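Heads up, the thing below is written out as structure tokens.
Residue numbers (my numbering), protein chains in the order written: chain A, 1 to 626; chain B, 1 to 586.
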């Protein structure tokens, strides 16, 4: 594996075929351990238990009131009908027991019931919304701080896009689905219970009819969902294919053009497009008619209720007869029964998405962090920069040892050049010094203190670091330079920039030090980015230095400036330089020669040449070809 | 932007059928409450005209109702199928059109939109439109007809009472109006916050080492916290307000029913046996009232959908309506029988659109057939741009570029490409086998021998043959599963396999280590006799070129061999001096 493949990649690669494209609607993502994940989610919700219980209470109360509404209306309409038939004026309406009300009063009461029901419904959502947002907020904070606690080794096996997805998309998913799911569950279950109870109280026969039809509707819905899953999966897969193909073709547009590859590209595109069409038609159709079919069954239910209700009304049997207004009531109950059942079906899907997203988030949150710091850690008072490598063994994987028994001693202020062919493993030494990875055996000591006996933060604060991949963030130049140095004044920052040959171009920018860089600093040139990172290291003023000299994509003048700046940075500091310049190498006190991850030779320039080994071959190869 | 509807044209028959079917379904649905009324007055005998209850009547009306809903569901299924087909077909056509349009784009258009935006427009935006279309095809007819129909039927039952309905609808619309006025402006801000959260997370992920080296974990946490907190507050606000919608709607519906019943009983129904507004009619009226309120609710949903759909539609039309800068001439000049590969630049000037200063000015030189010309200069000197002008990726502002005396503007683009072997600065590979990548062009020689020879020259053969699958090894999207150096070598092999007349190397050797660079150039010199143009940073890469052109701030400041330039060209001397004293070992 090369250095590049070990580094955190910036590619938004997703390995899953349908990870790259927009998800097909209603695509059901299954979590691997539903129960386990839901338990964890439950635990995460612990601080909100009171809100959840209150919300449940309001949901139940609201459902009860919602169920009473149609019944009261039914009583009113029944009395109206009866009065009409009996050609008598409207009298009092009997509720239960000895409660009788006049029409007007009962009407007011009913409106009151509706109002209270709506109000409670709103309150329960109100509470849940607050809860979900607080939950999402904590999750975001926990996740983002977790990122900086996970060992770099963790990221080797993950794709950038995947980790990013967990912290952003998955949290968004939970944000969107949690309120909805919880809210619906309480309401749906409560409503269903009350409606069914009420129906049975009013007329067991009609209740039976309604329930039978509802069950039918439910089974039909389930069949539809099952049937559509296959199509949705295909659709999601096609979308992934489409996205991949398009990403490639657009990014490689110029190459596709010049190699007259358009015809081949288009053929592939056409195939994918048509596949997508096929699966899209089927999946949209099936999901599109699921509700109408359920609606049809609902209507059928409506008709049966009307017909059978009518028959019951006409019946002389006191056990089964009903008031005419109750027909209207049952018609409304039919709707009230279907709704929660549809909800529950929907919730099942939504919960799956929530679970899938939560699972991925918990995986991340549960990953092992860098080993906790011990209590008895040492610090170094006056850092001199004496570094000793003793019998160091290391491998990124258990099976492949990359550094085998390395020994070296670097005196304070010395310059160490690290050289080797591309991909040889030069950044490994950097990774070990900074304890981005831990060595397998042996020791690295700084001023006599084993680096494992130091707090990581303390160890890292000993080194100023300038890497080949410049890292800048969206913010002012001032913020970017003072990143990592606390409480620096403007003049300190300017002094550091001057030292690093950076001040002059900053002055030429609109806003100078307040000029805002965009993501990755792409609004200034690569060379300028490099200079800013050098200024950052300059300002941080650490006792030792780790530098990567690679400046291959920078023009000569800027390169010269960078070289100057680096020289100044390295003065009187123990420096580890991944060297690309002959002058650096010739000047170095020690040269580590790396090949295939291993340190194959060490010494100074003349000494190594005399050895006539790998270094000498590497060095002389530059003169051939003339 | 309404031009996007022209993509519906092929489906207009289907669309009309859908509209008719949906209208039919709406009307059928609206019949049910009236039939219920009939059942109650005629079947149950609750009517002022003395009618006896009749069980036969009940079943009769029930069977009519069943027939009605059966027709309705069949109609719905048929129209549903049509809707899916139309929406999917629309998306298919649109995608194809966008893809083909983008295929024609020159670099100016690609730069204008940015690759990631184009990807989103081709995938997300079209997908959004498809969903909206699917819904709109149905709703745009269904809901208005249901709403109007329900109102009409209500009025038919009892015109005065229907005024109550008007009041309810107005109340509903006011409520919705307030909710939308409060929340819709917030949507954009919410989106921006999501973008910001993504940005900060991406930055953190790409700078893991830096964060640890500088111990800025707290700072990073703070950055996220700011955005997350604001997002939380905004989300709570917006969601709590939109949460009012359904409860209030239900309240209005419920209250309307009661008020109608009360008013009917008090003022409209006569209880003395004389003909009047009947309970059956009241039942129907109540149902129509509720139906009306629901329909208005859905109608407003549609109005929310339309602007969103419009945003996607605009984005797509921007691509389709874009003027492509570079097109084939109407009467393209055919290539000569035997092309030699001589390139001439005459007074070429190039300015980027919206720039003040030219990137290149007055560039004139000739590259003789079969010779190697190198281009060197500092960053920003215009080297890459120069080489990009030869395949006509960009159109030059002044002057002309000719191959074998033929102005490239007069040749068909495909013909121009067939002459060129282009190797970009960053190795770009495509998912597929190594074979497919090397034999990427449409040239005639697609043989394995050709491929292997190309791989050998490009110093990639050893690596490939060390793999289990060798030339059938699968390259992942973007070439992610091979290193930068290997990608570069495959890119070079790809150009070699095409056997072009002219090679364009845009700083293609910088990702290679020195030894590979040297070997590769040696092999190229030995086996490839075509014209070569090399843009490079390293003097040693181009030292032996037949001709070196030195650029400085877009102007030619030197042209000649290495030795000549060392004697005459100041800029060249500067570059050479700074490099030869810091040659790269790694």
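Just so you know, even glycine gets a beta-carbon here, dropped at the ideal spot from N, CA and C.
All figures in this text were calculated on a predicted structure; none of them were measured in a lab.
Chain-ordered neighbours of residue i on chain D, where CB pairs are closer than 7 Å
i	result
residue 260 of chain A	Here chain D cannot be found, since the structure's protein chains are A and B.
DSSP bridge partner residues for residue i (one or two, in chain order)
i	result
residue 633 of chain A	The first residue shown for chain A is 1 and the last is 626, placing residue 633 of chain A beyond what the model contains.
residue 539 of chain B	Paired residues: none, contrary to the question.
residue 139 of chain A	According to DSSP, which records beta bridges pairwise, residue 139 of chain A is partnered with nothing at all.
residue 37 of chain B	Answer is none; residue 37 of chain B lacks a bridge partner.
residue 378 of chain A	A:454
residue 123 of chain B	Paired residues: none, contrary to the question.
residue 371 of chain A	None; residue 371 of chain A has no bridge partner.
residue 531 of chain B	B:502
residue 547 of chain B	B:373
Residues near residue i in its chain [Cβ-Cβ closer than 6 Å; skip 5 each side]
i	result
residue 607 of chain A	none
residue 410 of chain B	329, 333
residue 579 of chain A	417, 419, 549, 585
residue 426 of chain A	418, 420, 578, 594
residue 13 of chain A	Confidence at residue 13 of chain A is low in this model, with a pLDDT of 27, below 50, so its placement is unreliable and no value can be given for it.
residue 609 of chain A	616
residue 64 of chain A	194
residue 190 of chain B	234
Distance between beta carbons of residue j and residue i, contact taken as under 8 Å
i	j	result
residue 77 of chain B	residue 289 of chain A	6 Å
residue 19 of chain B	residue 141 of chain B	5 Å
residue 73 of chain A	residue 258 of chain B	6 Å
residue 565 of chain B	residue 548 of chain B	6 Å
residue 534 of chain A	residue 566 of chain A	7 Å
residue 440 of chain B	residue 259 of chain A	5 Å
residue 421 of chain B	residue 476 of chain B	That pair is no contact at about 24 Å.
residue 243 of chain A	residue 96 of chain B	About 16 Å separates the two Cβ atoms, so there is no contact after all.
residue 166 of chain A	residue 413 of chain A	About 45 Å separates the two Cβ atoms, so there is no contact after all.
Run of the alpha helix (DSSP H) containing residue i, from where it starts to where it stops
i	result
residue 262 of chain A	262-314
residue 404 of chain A	Looking at the DSSP string, residue 404 of chain A is not in any alpha helix (DSSP H); the run it does join, the beta strand (DSSP E), is 403-410.
residue 558 of chain B	Element bounds for residue 558 of chain B: not the alpha helix (DSSP H) but the beta strand (DSSP E), 555-560.
residue 142 of chain B	126-157
residue 481 of chain A	477-481
residue 416 of chain A	Residue 416 of chain A -> not in any alpha helix (DSSP H); beta strand (DSSP E) instead, spanning 415-419.
residue 176 of chain A	171-202
residue 465 of chain A	Looking at the DSSP string, residue 465 of chain A is not in any alpha helix (DSSP H); the run it does join, the beta strand (DSSP E), is 463-466.
residue 332 of chain A	325-366
Sequence-distant residues of the same chain with beta carbon closer than 8 Å to residue i, five excluded per side
i	result
residue 434 of chain A	459, 460, 463, 465, 546
residue 611 of chain A	601, 603
residue 503 of chain A	494, 497
Sequence-distant residues of its chain with Cβ nearer than 7 Å to residue i (five each side left out)
i	result
residue 362 of chain A	37, 40
residue 625 of chain B	With chain B represented from 1 up to 586, any question about residue 625 of chain B goes unanswered, as that position is not in the structure.
residue 23 of chain A	The pLDDT assigned to residue 23 of chain A is 33, lower than 50, so where the model puts this residue is not dependable; a value taken from the coordinates is nonetheless given after this. Here the set comprises 236.
residue 220 of chain B	204, 211
residue 200 of chain B	223, 224, 227
Beta strand (DSSP E) segment containing residue i, residue limits
i	result
residue 372 of chain B	372-377
residue 547 of chain A	544-548
Requested in this report: Please determine if the segment 523-537 of chain B and the segment 357-375 of chain B are in contact, where contact requires at least 3 C-beta pairs separated by less than 8 Å.
Outcome: yes
Requested in this report: Tell me, please, whether the segment 347-367 of chain B touches the segment 512-529 of chain B by the rule of three or more beta-carbon pairs shorter than 8 Å.
Outcome: no
Query - Touch test, the segment 290-307 of chain B against the segment 82-94 of chain A, Cβ-Cβ under 8 Å, three pairs minimum - result: no
Query raised in the report: Do the segment 76-85 of chain A and the segment 318-336 of chain A make contact, defined as three or more Cβ pairs closer than 8 Å?
Result: yes
Query raised in the report: At a cut of 8 Å, does the segment 376-392 of chain A reach the segment 348-364 of chain A through at least three beta carbon pairs?
Result: no
Report task. Examine the Cβ distances between the segment 239-255 of chain A and the segment 180-188 of chain A and report whether three or more of them are shorter than 8 Å. Result -> no
Query raised in the report: Just checking, does the segment 100-109 of chain B make contact with the segment 153-167 of chain B on the three C-beta pairs under 8 Å criterion?
Result: no
Query raised in the report: Between the segment 313-324 of chain B and the segment 133-153 of chain B, do at least 3 Cβ pairs fall closer than 8 Å?
Result: no
Query raised in the report: Do the segment 30-43 of chain B and the segment 141-153 of chain B meet, that is, are 3 or more Cβ pairs less than 8 Å apart?
Result: yes
Query raised in the report: Do the segment 432-452 of chain B and the segment 463-473 of chain B meet, that is, are 3 or more Cβ pairs less than 8 Å apart?
Result: yes
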